Each structure stands twice: as structure tokens, then as C-alpha cells.
Amino acid sequence: MNGATDKRDPAQQRQIRNSALLLGGFALAVFIAYIIATALLA
Amino acid sequence: MTTITQGHAAQDHAHDSHGPGHGLSRWLFTTNHKDIGTLYLVFALVMLFIGGAMALIIRAELFQPGLQFVNPEFFNQMTSMHALIMVFGMIMPAFVGFANWMIPMMIGAPDMALPRLNNWSFWILPFAGTILLSTLFMEGGGPAAGWTMYPPLVLQSGNSLAFAIFAIHLLGMSSILGAINIIVTVMNMRAPGMTLLKMPMFVWTWLITAYLLILVMPVLAGGVTMLLTDRFFGTSFFQAAGGGDPVLFQHIFWFFGHPEVYIIILPSFGIISQIIPAFSRKPLFGYSSMVYATAGIAFLSCIVWAHHMFTVGMPLAGEMFFMMSTMLIAIPTAVKVFNWTATMWRGSLSFETPMLFAVAFLFLFAIGGFSGVMMAIAPVDFQYHDTYFIVAHFHYVLVPGALFAAIGGAYFWLPKWTGHMYDEKLGKIHFWLSAVSVNILFFPQHFLGLAGMPRRIPDYATQFADWNAVSSIGAFVFGFSQLMFVYIVVKCVRGGAKATAQVWDNPEGLEWTVPSPAPYHTFDEPPLVR
Chain U
1 MNGATDKRDP AQQRQIRNSA LLLGGFALAV FIAYIIATAL LA
Chain Z
43 MTTITQGHAA QDHAHDSHGP GHGLSRWLFT TNHKDIGTLY LVFALVMLFI
93 GGAMALIIRA ELFQPGLQFV NPEFFNQMTS MHALIMVFGM IMPAFVGFAN
143 WMIPMMIGAP DMALPRLNNW SFWILPFAGT ILLSTLFMEG GGPAAGWTMY
193 PPLVLQSGNS LAFAIFAIHL LGMSSILGAI NIIVTVMNMR APGMTLLKMP
243 MFVWTWLITA YLLILVMPVL AGGVTMLLTD RFFGTSFFQA AGGGDPVLFQ
293 HIFWFFGHPE VYIIILPSFG IISQIIPAFS RKPLFGYSSM VYATAGIAFL
343 SCIVWAHHMF TVGMPLAGEM FFMMSTMLIA IPTAVKVFNW TATMWRGSLS
393 FETPMLFAVA FLFLFAIGGF SGVMMAIAPV DFQYHDTYFI VAHFHYVLVP
443 GALFAAIGGA YFWLPKWTGH MYDEKLGKIH FWLSAVSVNI LFFPQHFLGL
493 AGMPRRIPDY ATQFADWNAV SSIGAFVFGF SQLMFVYIVV KCVRGGAKAT
543 AQVWDNPEGL EWTVPSPAPY HTFDEPPLVR
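Pasting the structure below:
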């Protein structure tokens with residue numbers, strides 16, 4: 001499928017996966033936090 | 043930025059087994075950043091004409107007082123859908139398209155860090171766009187409460203609201219995934235020697251934009267989810283009758299909505315920062331101050347949201363805070379305008395089409411910026427609020443601002459993408475038609491707003507007739523001149539004079555070291571950056 005990903009060293013690949021999961025987790029946390037905060041404020 | 047590049051920038055990987063696929067499957071299953079960039083750009087262009095057609099329906103109706111072509115309900119659907127389509131379906135995907143095409147090449151990476159996610163980010167979009175557009179054919183029509191979807195009005199919508207909210211969720215998810223991909227790519231995939239402060243401004247502006255997206259898109263998602271449960275599941279987040287607070291929705295929406303303005307304009311700044319040095323034949327003036335100004339604008343954009351809500355009746359201290367913080371944004375923005383001007387100062391200037399669009403951006407975006415400062419003044423905002431002055435302001439920021447930057451960027455990089463030079467003469471005609479008509483379209487709206495014409499109305503008092511007629515004429519000329527852009531792009535893709543690797547006169551950056559058209563795979567071996 002993609003030549004670029006096949007040639008990465010495992011450490012870089014791990015770092016890429018970890019940063020993506022961290023950012024995605026942050027986005028999810030903001031989504032949930034805002035709903036909870038609104039429920040408390042409304 | 044001073045980057046000296048060396049090297050074995052890119053080879054044509056004819057020997058590589060990972061060439062482009064064939065037919066439809068190439069585009070459906072591609073993980074190549076250039077293919078996905080192209081898909082984003084084509085999608086944005088299609089949506090430009092769909093959203094543009096809605097704008098022309100609005101301007102046709104407003105050509106003279108009275109109701110001519112559409113009923114008021116449909117008019118409201120047009121204003122709401124035009125905004126949603128243009129913001130989420132056109133301008134944001136257009137800049138993600140530029141990011142996909144250019145960021146890996148600019149930082150010396152072989153592709154985006156997460157290529158499969160990249161494919162998914164794009165292919166969410168056509169489904170989301172179709173769902174959003176399909177609401178127009180549902181019982182009760184599409185969303186008609188404005189793109190801001192304020193309760194309690196929006197809670198009176200029909201069942202199509204659920205589809206519109208689902209489409210917004212999908213569009214937001216696509217943006218978040220794209221943003222994650224861009225951050226991870228820039229932080230992990232830069233070529234050796236490509237330090238953060240050697241990155242081209244376009245990459246910097248996109249990196250900061252991506253962080254903004256991850257911070258604020260989930261807030262919009264949360265807000266519309268609560269609207270959904272209020273409308274269909276009996277909750278009362280924003281329903282006063284059940285103890286909820288409608289104004290709270292406005293805070294949530296604008297905590298997303300104001301940074302959203304900068305999510306659109308920061309990549310535009312990045313494109314302009316690439317074009318002006320290339321045609322001034324000088325490095326960008328004050329590179330590091332540009333980086334800090336971009337970061338400063340992004341930070342300030344998160345603490346100014348309630349300037350959209352001065353008239354809801356907030357405490358005086360709140361009005362003072364949001365007024366002052368909003369005015370502060372003028373400082374880093376002025377740094378940018380100064381630096382672009384200083385880059386041109388004593389440069390060896392030439393005015394090819396991309397530069398014309400960039401210079402027009404400088405003047406016309408500044409008009410939008412100045413009217414923004416006017417509206418930041420809380421006491422006078424009470425007069426401007428919800429009038430055509432606001433419509434004029436944000437259209438100056440978004441059309442001769444963001445859209446001109448996108449069009450200028452397309453002309454700038456088209457030869458790199460296609461391997462052909464576009465038709466310069468037609469490009470210049472397209473520019474002059476656009477630049478003149480966009481002012482005929484939007485400048486009179488300042489007068490209409492100051493005279494008291496409210497926004498989002500299909501009919502108006504006869505005293506507003508003359509400037510509305512002028513504005514509508516400008517709209518039709520501007521709208522139809524964009525067909526010329528399509529013709530120029532198609533002509534350029536199909537053939538034309540061969541473009542060299544550098545394309546322009548010694549521009550700076552790694553993307554100009556690879557052949558034109560850029561090979562399907564670039565930088566399998568990382569380039570050396572000094």
C-alpha cells in the first residue's frame with residue numbers, strides 16, 4: 001500500500017503511534033469534558 | 043528561514059513497485075499524500091461551486107426589495123447551508139489539500155506519518171457533504187437557523203437537524219484526524235537538519251492550526267451533541283424551560299467559532315508567506331517574528347470568543363476583557379503585514395498571478411482586519427451587531443482573504459503539481475475580474491450595515507435597494523469569473539509549457555528541488571538540510 005511506512009524503523013513507528021494516540025485521546029477528553037462542564041453549569 | 047539544501051532530493055521511482063494504482067481504485071484506496079491532496083482540492087473546488095450557487099440564490103433574491111424567487115424559509119436554508127458548506131466543505135478541505143501536497147515535500151518526508159488514516163480523513167468528507175446537502179430534500183428542509191445554530195430557534199427545526207448534526211460530527215472528525223496526522227508528521231518526519239525554526243512558514247502555520255483544530259473541534263462536537271439530545275432526547279442543556287441556558291450554547295459555539303476563523307486564516311498566512319518572498323526574490327523578512335506572531339494569534343484566538351456576544355448582556359468587566367483581548371490580536375497581525383511589506387521592500391518584484399493574488403490579499407484582508415477592530419469596540423458593536431457590516435467584515439476576511447490565498451497558492455504550486463505552466467494571461471484576467479468584482483460585491487455591504495440593514499433577511503426596506511443591486515451585480519461577476527479558474531486549471535493539467543524543477547526564479551524550499559511534476563514518491567532517502 002505505502003512504501004514509506006514499510007521502511008520506518010520500529011522506534012520511529014512507535015513514536016508516531018504514541019503521538020497520534022495522545023492527540024486523539026486529548027481530543028476525546030476535551031469532547032467529554034465540555035459536555036460534563038455544560039451539564040454542571042446549565 | 044535560511045535553508046541550504048543539498049542533494050539527492052528525489053528520484054523518479056520508476057523502479058519502485060509502489061506506483062499509482064489504476065482507475066477508480068487509485069483514488070479510493072490511495073495512501074499517497076499527493077493523491078489525497080488532489081482529492082481534497084478537487085472536493086473543495088466542487089463545494090466552492092455548490093456553496094457559490096447558494097450565494098447567488100441569496101444575492102438574486104436580494105437584488106431588489108420584495109420577494110422575487112424564493113420563499114423566506116428556503117432563503118434561511120440557503121444562508122445557513124452556504125456558510126456550513128463554505129466553511130466545513132470548501133475552505134478547510136482546500137487548506138488540508140495544500141497541507142497534504144506540500145508539507146511532506148517541504149520538510150523532506152516521504153509521505154504523511156499516518157497514510158491510511160489520511161485516506162480515511164478524506165473519504166469521510168464526501169459522505170458528510172452528501173448527508174448535509176440531502177437535508178435540503180427532507181421534510182421541513184435543511185438547517186435554517188444560521189450556521190451558528192443558536193437555541194432555542196434551532197430546536198424548532200425538523201428531523202433533518204439530526205442529519206445536519208451527524209454531518210457536522212463527520213466533518214469535525216475528518217478535521218481532527220487530519221490535524222493529528224499533520225502534527226505527527228511535522229514532529230516526527232522532518233529530514234535531518236530540518237529544525238523547527240528552519241521549517242517554511244506554511245508548515246509552521248499549519249502546525250499551529252492543527253493544534254488549534256484539536257483543541258476546538260471537540261468543543262463544537264460537544265455543543266452540537268448537546269443540541270441533538272436537547273432536540274430529540276428530552277435533555278435541557280440549552281432549554282430555559284427545563285432549567286438550561288441558551289446563552290451557554292453561544293459561549294460553547296464561539297469558543298470553537300473564533301479559533302475557527304484563525305484555523306482558516308493561518309494557513310492563508312502561510313501560503314502568502316511562501317508566495318511573497320518568491321516573487322520579491324528575497325527571504326521572508328522577520329521569519330522568527332512571523333512564527334511567534336502566528337503562535338500569538340493562535341493563543342489570543344482562544345480567549346476572545348465572547349466578542350461575538352456583546353449584545354447578550356454580559357457584565358461590564360467581561361465586555362472590557364473581551365474588547366481589550368480582541369484588540370490585542372491586531373498587534374501580531376500587524377507584525378505579519380509589516381513583515382510581508384518589508385519582504386517586498388527593495389525586492390526585485392514581479393507580478394505573476396500568484397503574486398497578484400498575494401498583494402490583493404494584503405490590501406483586502408487588511409480591510410477585513412480593520413473592520414474587525416471596529417467591531418471589537420463593545421459600545422459601538424451594539425450598532426453593528428447582526429447587520430450587513432458584519433457580513434461585509436467576515437466576507438472580506440474569508441473571500442479576498444482566505445479564498446484569494448488558496449487561489450494564489452493553487453497558481454503558485456500548479457506547475458509543481460502538474461509539470462505544466464498555467465496560462466499566465468488568462469490567470470491575470472481571472473485575477474482582475476475577481477479583484478474588482480469582489481469589492482463591488484462586499485464593499486457596499488459596509489454601507490448597508492451602517493445604515494441599519496439586518497443580516498439573514500430575504501426582504502428589506504427600499505432605502506437599501508441601490509447598494510443591494512450593486513452588491514448582487516458584483517456577486518454574479520465574481521461567481522462566474524471563478525469558472526475561468528476551473529478552465530485554467532483543467533487546461534494546465536491537460537498540457538502547456540513544460541515547468542522546470544524550480545518553476546519560479548530561484549524560490550526557496552525543498553519542494554523546488556524535486557522535478558516538476560513532483561514524482562509520485564519523493565524523499566525515499568531523506569535530503570540533507572543545512
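The listed protein sequences correspond, in order, to chains U and Z. So in this note's numbering the end of the first sequence lands on 42, straight run, no missing numbers. So in this note's numbering the end of the second sequence lands on 572, straight run, no missing numbers. Cβ atoms here follow ideal geometry from the backbone N, Cα and C, with glycine treated the same way. Remember, it's a predicted structure, so these values are computed and weren't measured experimentally.
For the segment 495 to 521 of chain Z, enumerate the residues whose C-beta is nearer than 9 Å to any C-beta of chain U, in chain order. none
Would a check of beta-carbon distances place U:Gly24 closer than 8 Å to chain Z? yes
Taking U:Ala27 as the query, report the chain Z residues whose CB atoms sit under 8 Å from its CB, ordered along the chain. Ile218, Ile222, Ile256, Met259, Pro260
For U:Leu41, return the contacting residues in chain Z, with the cut-off set at a CB-CB distance below 8 Å. Asp287, Leu290
Where Z:Leu570 falls: helix, strand or coil (DSSP): strand
Collapsed DSSP secondary structure at Z:His462 in the structure displayed: strand
Measure the C-alpha to C-alpha separation of Z:Trp382 and Z:Lys324 and round it to an integer number of angstroms. 11 Å
The alpha helix (DSSP H) spanning Z:Pro25 covers which residue range? Missing from the structure shown is residue 25 of chain Z; chain Z here goes from 43 to 572 and no further.
Reference Z:Thr353; option with closest CA among Z:Val258, Z:Glu302, Z:Val289: Z:Val289
Identify whether U:Ile35 lies in helix, strand or coil by the three-state DSSP scheme. helix
Looking at the strands, I want to know which residues DSSP matches up with Z:Phe540. Residue identity differs from the one stated: residue 540 of chain Z is Lys in this sequence, not Phe. Answer is Z:His462, bridged to Z:Lys540.
Z:Leu308 and Z:Thr336 - do their beta-carbons sit closer together than 8 Å? yes
Continuous alpha helix (DSSP H) stretch holding Z:Ile313: start and end: 288 to 322
Contact between the segment 147 to 156 of chain Z and the segment 110 to 121 of chain Z is defined here as three or more beta-carbon pairs at a separation below 8 Å; is this criterion met? no
Name the one or two DSSP bridge partners that Z:Pro496 has. Z:Thr429
For Z:Phe295, collect the residues of the same chain with a Cβ closer than 8 Å to its Cβ; drop the 5 residues on either side in sequence, then sort them by chain order. Thr190, Met191, Tyr192, Leu262, Gly265
Could you give the residue range of the alpha helix (DSSP H) that holds Z:Gln119? 114 to 126
For the candidate residues Z:Ile482, Z:Gly312, Z:Phe71, Z:Leu475, whose alpha-carbon lies nearest to that of Z:Phe454? Z:Gly312
List the residues of chain Z whose Cβ lies closer than 8 Å to the Cβ of U:Ala20, in chain order. Ala155, Leu156, Leu159, Ile222, Asn223, Val226
When you compare the CB positions of Z:Met495 and Z:Tyr430, do they come within less than 8 Å of one another, or not? yes
Rounded to the nearest angstrom, how far is the Cβ of Z:Ile145 from that of Z:Thr227, given a contact under 8 Å? 6 Å
Simplified DSSP state of Z:His55, which is helix, strand or coil: Residue confidence is low: Z:His55 scores 44 on pLDDT, short of 50, so the model does not pin down where it sits. No coordinate-derived value is stated.
Would DSSP call U:Met1 helix, strand or coil? Confidence in U:Met1 is poor, its pLDDT being 40 and thus under 50, which makes the residue's placement unreliable; the coordinate value appears in the next sentence. Reduced to three states, the DSSP call for U:Met1 is coil.
Smallest Cα separation from Z:Gly516: which of Z:Thr542, Z:Val480, Z:Gly551? Z:Val480
Counting only beta-carbon atoms, is Z:Phe279 nearer than 8 Å to chain U? yes
Is Z:Met463 near Z:Gly538, with beta carbons less than 8 Å apart? yes
Which word fits Z:Ser390, buried or exposed, when buried means at least 16 other C-beta atoms lie within 10 angstroms of its C-beta? exposed
Nearest chain U C-beta to Z:Trp554 closer than 8 Å, yes or no? no
Distance check for Z:His211 and Z:Val531, CA to CA, integer angstroms please. 32 Å
For Z:Pro301, which residues from the same chain have a beta carbon less than 6 Å from its beta carbon, with the 5 sequence-adjacent residues on both sides left out? Leu254, Val258, Ser343, Cys344
Taking Z:Trp509 as the reference, give the member of Z:Val88, Z:Tyr438, Z:Arg101 with the closest Cα. Z:Arg101
Would U:Ala42 and Z:Asp287 be called neighbours here (beta carbons separated by less than 8 Å)? yes
For a test of the three-state rule: what should DSSP assign to Z:Arg232, helix, strand or coil? coil
Closer than 7 Å by C-beta to Z:Leu575: which residues in its own chain qualify, once you throw out the five before and the five after it? Chain order, please. The question about residue 575 of chain Z has no answer here: the residues shown for chain Z are numbered 43 through 572.
Anticipated Cβ contact below 8 Å, Z:Ile149 with Z:Met120, distance rounded: In fact, because the Cβ distance is near 41 Å, the residues do not count as touching under 8 Å.
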